[in-house]
């Protein structure tokens with residue numbers, strides 16, 4: 001597999017991680033923001049409210065987003081190393 005193919009796979013993984021992390025999530029019909037950014041409180045919200053489930057949902061979505069980003073970064077490093085080894089072999 002060529003270094004370009006590995007790099008494309010890495011970019012797909014990174015893009016998927018970013019998309020997963022920044023798409024909005026909901027809990028029980030309530031907007032919770034995204035895995036990486038909390039929703040801005042609306043004007044009717046009470047300042048000190050009990051946990052409404054958003055924390056759990058955001059945490060559950062954050063895990064695969066971080067895994068995808070880490071896998072994409074590692075794959076991109078592997079593509080760089082593969083490219084480097086190929087250039088050394090050609091000499």
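Numbering (the UniProt record's numbering), first residue to last: 1 to 91. For glycine and all other residues, C-beta sits at the position ideal for the given N, C-alpha and C. None of the values given here were measured: they were computed from a predicted structure.
Taking DSSP as the reference, what is the three-state secondary structure of residue i?
{"i": "residue 35", "result": "coil"}
{"i": "residue 78", "result": "helix"}
{"i": "residue 52", "result": "coil"}
{"i": "residue 2", "result": "coil"}
{"i": "residue 10", "result": "helix"}
Check the C-beta distance from residue i over to residue j and give it rounded, since I have them as a contact under 8 Å.
{"i": "residue 34", "j": "residue 25", "result": "6 Å"}
{"i": "residue 86", "j": "residue 3", "result": "6 Å"}
{"i": "residue 75", "j": "residue 13", "result": "6 Å"}
{"i": "residue 10", "j": "residue 79", "result": "6 Å"}
Can you tell which of the options has its C-alpha closest to the C-alpha of residue i?
{"i": "residue 29", "options": "59, 72, 82, 54", "result": "54"}
{"i": "residue 27", "options": "72, 56, 12", "result": "56"}
{"i": "residue 60", "options": "5, 91, 32, 12", "result": "32"}
{"i": "residue 21", "options": "67, 11, 52, 75", "result": "67"}
Among all the DSSP beta bridges, which residues are the ones paired with residue i?
{"i": "residue 27", "result": "30"}
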